[in-house]
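Residue numbers (the working numbering): 42 to 100.
One structure is given here, and the rest of the page talks about it.
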Amino acid sequence: EKKHFLGENYLQDGPEGNDIRKTNVAQIRMAYRHETLCNELSFLVDAVKSVAVAEEALA
């Protein structure tokens with residue numbers, strides 16, 4: 042089970058879900074990864090929205 046390898050809180054987002062003793066990933070690195078993921082997802086959502094608006098304007 043994942044809890045055994047990743048820790049009890051592995052389902053929590055970002056550093057809160059990181060157990061450094063089990064993952065060997067520093068909290069600052071986990072925070073950076075989480076922030077980067079959120080920024081990339083936001084970028085994709087904005088891109089999809091702008092395409093939808095452009096297609097709507099052409100229709």
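By construction, the Cβ of each residue, glycine as well, lies at the ideal position given by its N, Cα and C atoms.
Item	Value
To the nearest angstrom, how far is it from the Cα of Asp87 to the Cα of Arg74?	20 Å
For Ala72 and Lys44, I'd like the C-alpha separation in whole angstroms.	20 Å
With 7 Å as the threshold, decide whether the Cβ of Gln53 is near any Cβ in chain B.	The structure shown contains no chain B; it holds only a single protein chain.
Quick check on the DSSP output: the alpha helix (DSSP H) that includes Leu85 runs from which residue to which?	68-99
Among Phe46, Glu42, Gly48, Asp54, which has the Cα closest to the Cα of Cys79?	Asp54
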